[in-house]
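Report on the following structure.
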Amino acid sequence: MSETTAAAETAAPHRYTAALAAEIEARWQDFWDEHGTYEAPNPKGDLAGDPGAVARPERFIMDMFPYPSGAGLHVGHPLGYIATDVTARYLRMTGHNVLHTLGFDAFGLPAEQYAVQTGTHPRVSTEANIENMKAQLRRLGLGHDRRRSFATIDPDYYRWTQWIFLQIFNSWYDEEARRARPIAELVEQFENGTRPTPDGRPWSELSEVERAEVLGGYRLAYASDAPVNWCPGLGTVLANEEVTAEGRSERGNYPVFKAKLRQWNMRITAYAERLLEDLDALDWPEAIKLQQRNWIGRSEGARIDFPVDGADGERITVFTTRQDTLFGATYMVLAPEHDLVDRIVPGAWPEGTREAWTGGHPTPAEAVSAYRKQAAAKSDVERQAEAKEKTGVFTGAYAVNPASGERIPVFIADYVLMGYGTGAIMAVPAHDTRDFAFARAFDLPMRCVVEPTDGRGTDPAAWDDAFASYEARIIDSAGEGVTLDGLGVTEAKARMTEWLTERGIGEGTVNYRLRDWLFSRQRYWGEPFPIVYDEDGVAHALPESMLPLELPEVEDYSPRTFDPDDADTQPETPLSRNEEWVNVTLDLGDGRGPRRFRRETNTMPNWAGSCWYELRYLDPHNDEKLVDPEIERYWMGPREGKPTGGVDLYVGGAEHAVLHLLYARFWSKVLYDLGHISSAEPFHKLFNQGMIQAYVYRDSRGIAVPAAEVEERDGEYWYNGEKVSRALGKMGKSLKNAVTPDEICAEYGADTLRLYEMAMGPLDVSRPWDTRAVVGQYRLLQRLWRNVVDETTGEVAVVDAEPDEETLRAVHKAVDGVRNDMENLRFNTAIAKITELNNHLTKVREVPRWAAERLVLLIAPLAPHVAEELWHRLGHDTSVVHEDFPVADPRYVADETVTCVVQVRGKVKARLEVAPDISEADLEARALAEPAVVNALGGADVRKVIVRAPKLVNVVPA
RNA sequence: GCCCGGAUGGUGGAAUGCAGACACGACGAGCUUAAACCUCGUUGGCCUACAGGCCGUGCCGGUUCGAAUCCGGCUCCGGGCACCA
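957 is the number that numbering that gives the first Met the number 0 gives the last residue of the first sequence; the numbers go up by one with no jumps.
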């Protein structure tokens, strides 16, 4: 007998091994694909199907779709995909029509960088990556409706991204109606005079350029010269998230400057209040809601006008949240870029201006211009470094404090930001830390108007910092028609707001931290804007018939780079080099015939494609509409418990807490306002999965060594004979600690990998990967297999006998627990309960068919391949995917007897087996009669007995 | 600096009135010429007569008949924001 045969015979021919798992998994994956097992029917259209299935309650279960990187997947990536797949499978088995699929977020910088390096077209490398990722994901047995998958780079998809851009471009926010409306309705108001033009002239007298300018002030997508992150070393502008905390580019580590460039913006600020309000109805983690609330940053306060002394009619309008401290405002500060600065700067320094205020310049104009230049030339690196030091310069102008009547100096300083509030502040150095620091640096006066509660006295000259508490009373604040003295901060604010309003010099107002969304990038690999400019520079929307506007071929994908330190350079977009594409003659269908135009050569940011993809999954092949309204209403519409509609479950990483999730909410609201969809929110329930971490091993030089080759001896770690350090970090190629799903599948099979990832811990908690521990779930499947199949004969080994009482209860208890856990995404405890039941069945001599089948159904959402195989071996010819999930009989969920704990003074002294419905009196009597209790009491009187039938009695002696 | 979240055996984690379910690892036994696989047992610490006893959920304090769980104060770790008036 040869050795191989001997080995094969001893290793039980029909054991569940990695080889058998691979065979089973491949076979069922093919079966599911052939039979369209995971296809969810729509109520109409090309994906319409079985009306019986459509009539079921619908559920839309979604993942944050991946960027198809060239590096492929590691085991951390599919964690969320497995979790949604388990949920989707559970919902299918509990009578729902489940939409579950996955697409690809495929525009992005890595493909473009790769193209620059290799000359490969980004589309070629991206599509190859997608194919590779699809193969890796297919191996995991994810039940996706493949008909609904797409990539954001498909022209059929980005046609609609461009279409939505045009919808946003062609609308404005009606503050009164609190919703977006078509821009044509605004034009109508201007035409018939119900809304006056900015300068009061009739609309008909405005030139085309003037009209475009007016409308640009209203459009939800508009071009502006807002400062952006310009990185000359890379030749492109960068999103904030691509700039490091040190103010350098994440890629290449070049300095980043603020530069004014004409850019597209989205007026997301118009939706600030609704984005805030609608959070309340969403089933999201509180931490994420909080992050969004902070990002939106609503502040209540007041706008106050300060007349400029000697400048006729000029006023400085500030926003403050501390109008109660107006009497303490002793100077003002404008942002260096503020428009008003040039108008208020006098020709010469006022008499007696201190040297420290002038910066040594002979005139205010020169001082201002020098400071502005210095501020603009600062890269963010320097700004960050100097953040604590206050700089600025006197403008030479004075304003009048409307409450105290005092003349107060006006400064410019870069600690006041143009982008927030009105770009101007009233400075109250005694009660604001920043103003305090500035006042100290420039020796400005301070007035205490809020009485300190910490015993520091009322003379700010003696203080070390500002007194900024809200829990205090106002003092020294009496003026013409208003007295705040003695009021608390809150009442004082209200009183002051009232007074400002009466006098017509201010009003209560709400301000938001949220900024408009910079929407253009100087890149190649993104959606082109469907915008052209005429010879006057007026932007025109392309008609829908010209969509998609496809990306043109270019010779060079790279942006033009410059001297990294030269902030005065301007980007040159890759698209602008294709002159033939840029300069076109088009008939826009506006009745003016063919004309010459220049195309917009910026592209949209990465976020664009992910702002609305949930909608396209619903109706992916529709070429009339982005989604059919009836289909959208079916899957996403509001219903009981989901007042604003949306996806039923959206799972992804918490790193998207503000950007993607806020942008997607914004687009939803615009589409909702314009009547294209019925859901005002895209994602009703959000769940953030934790990160799978991995140990990083480093040698004495701090360089990561291959984690797989590190050996552990007595709590120390060794690599190549050298001792190495261990720390928990991210998993990835660069840290040499990546474990791929492919290797785990090869070693144990996909079902084992799925179980392990779900069993590791609660889904929302980050935890370290431990390849050694994977075998535990493999053993679970081997025992499961052995409970059903005879390992030596391969025959089904279950018996058609009634289960004994204990097994009956074990099954029902497991069913009840697993259902509960599944509904709350607690897969780790669900697996523990399944394991317990499985372990119980390995102990009974013969496994009853009924119990084996329940067990197979319970594990089916988690380990679908082995479940499908066993289900068929047990004699069923329908797929387990659409079987009914077991239902627990409450009679068998509760044990016949429960263990009651008897405590004395909170310490467990005895345990009683009692009936679940035992009365409190009986239980108390039995507990007090228990010898161990009598013993513990030692004859002491019983003061009190707490009875929580049937589980606990606590006896308290005197 | 401000705002969140977390800390339980050697490890991942269970547990909302019995701390340590389930799993990994470790140790012991069985099977085996041997090893692997598999099966069974032990596995928080200390004491122990092996029946049990005492201590124990980051630290200090509190509420309660009873606290891993609730409250106050700290320590450490992780995340977010950052001159936002």
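Yeah, the Cβ is synthetic: ideal placement off N, Cα and C, and Gly gets one too. Please read these numbers as outputs of a predicted model, since none were measured by experiment.
| Item | Value |
| --- | --- |
| Residues sharing a beta bridge with lysine 257, DSSP | Asn228 |
| With 16 other Cβ atoms within 10 Å as the buried cut-off, status of histidine 34 | exposed |
| Nearest-angstrom Cα separation, counted from cysteine 744 out to glutamate 2 | Caution is warranted here: a pLDDT of 33 is assigned to glutamate 2, below 50, making its placement in the model unreliable, and the coordinate value is therefore given only provisionally. Rounded to the nearest angstrom, the two C-alpha atoms are 27 Å apart. |
| Asparagine 41 - partner residues in DSSP beta bridges | Ala47 |
| Local conformation of tyrosine 66 per DSSP, three classes | coil |
| Methionine 425 - containing beta strand (DSSP E), residue span | 423–426 |
| contact_flag[the segment 77–92, the segment 134–148] where n(CB pairs < 8 Å) is 3 or more | yes |
| Sub-8 Å separation of leucine 585 and valine 537 beta-carbons | no |
| Glycine 327 - DSSP class collapsed to helix/strand/coil | helix |
| Sheet register partners of tryptophan 263 (DSSP bridge) | Ala222 |
| Cutoff 7 Å; reference arginine 314; Cβ partners in own chain excluding five residues on either side | Asp304, Phe305, Pro306 and Val307 |
| Check whether threonine 691 and valine 123 have beta carbons under 8 Å apart | One point to set straight first is that residue 691 is isoleucine, not threonine, in the sequence displayed. No; because the gap between Cβ atoms is not below 8 Å, this pair is not in contact. |
| Per-residue burial, threonine 792 [other beta carbons within 10 Å of its own, 16 or more giving buried] | exposed |
| Arginine 292 CB to nearest heavy atom of the ligand MG below 7 Å | Inclusion of the ligand MG in the displayed structure is not the case, the ligand content being empty and no account of it being possible. |
| Same chain only: Cβ atoms within 6 Å of threonine 100, ignoring 5 sequence neighbours per side | His143, Asp144, Arg147, Ser148 and Tyr616 |
| Between the CA atoms of arginine 576 and tryptophan 611 - distance to the nearest angstrom | 30 Å |
| Backbone secondary structure at arginine 371 - three-state DSSP | helix |
| DSSP state of threonine 739 mapped onto helix, strand, coil | coil |
| Inter-residue Cα distance where the pair is glutamate 680 and tyrosine 649 | 12 Å |
| Identity of the residues DSSP links to cysteine 899 by a beta bridge | Leu911 |
| Helix, strand or coil at histidine 360 according to DSSP, with G and I counted as helix | coil |
| Supposed close pair threonine 151, aspartate 104 - CB separation, criterion 8 Å | 6 Å |
| Member of Phe59, Gln322, Val242 and Lys624 whose CA lies at the smallest distance from the CA of glutamate 506 | Gln322 |
| Segment contact flag, the segment 180–195 with the segment 634–645, C-beta cutoff 8 Å, min 3 pairs | no |
| Alpha-carbon spacing of glutamate 711 relative to leucine 780, whole angstroms | 29 Å |
| Same chain only: Cβ atoms within 7 Å of threonine 119, ignoring 5 sequence neighbours per side | Tyr113 |
| Sequence-distant residues of the same chain with beta carbon closer than 6 Å to proline 231, five excluded per side | Phe561, Pro563, Asp565 and Thr568 |
| Which of helix, strand or coil DSSP assigns to phenylalanine 30 | helix |
| Beta-carbon proximity list for tryptophan 229, same chain, < 6 Å, skipping 5 on both sides | Val236, Phe256 and Ala258 |
| DSSP-derived helix/strand/coil call for threonine 584 | strand |
| Three-state secondary structure assigned by DSSP to histidine 539 | strand |
| Neighbourhood of alanine 6 by C-beta, 7 Å cutoff - its chain only, sequence neighbours within 5 removed | With a pLDDT of 37 at alanine 6, under the threshold of 50, the predicted position of this residue should be treated as unreliable, though the coordinate-derived value follows. There are no such residues. |
| Reference valine 448; option with closest CA among Arg439, Asp341 and Ala477 | Ala477 |
| Three-state class that DSSP yields for threonine 877 in the structure shown | coil |
| C-alpha gap between isoleucine 60 and serine 918, whole angstroms | 46 Å |
| For alanine 477: DSSP bridge partner residues | Thr482 |
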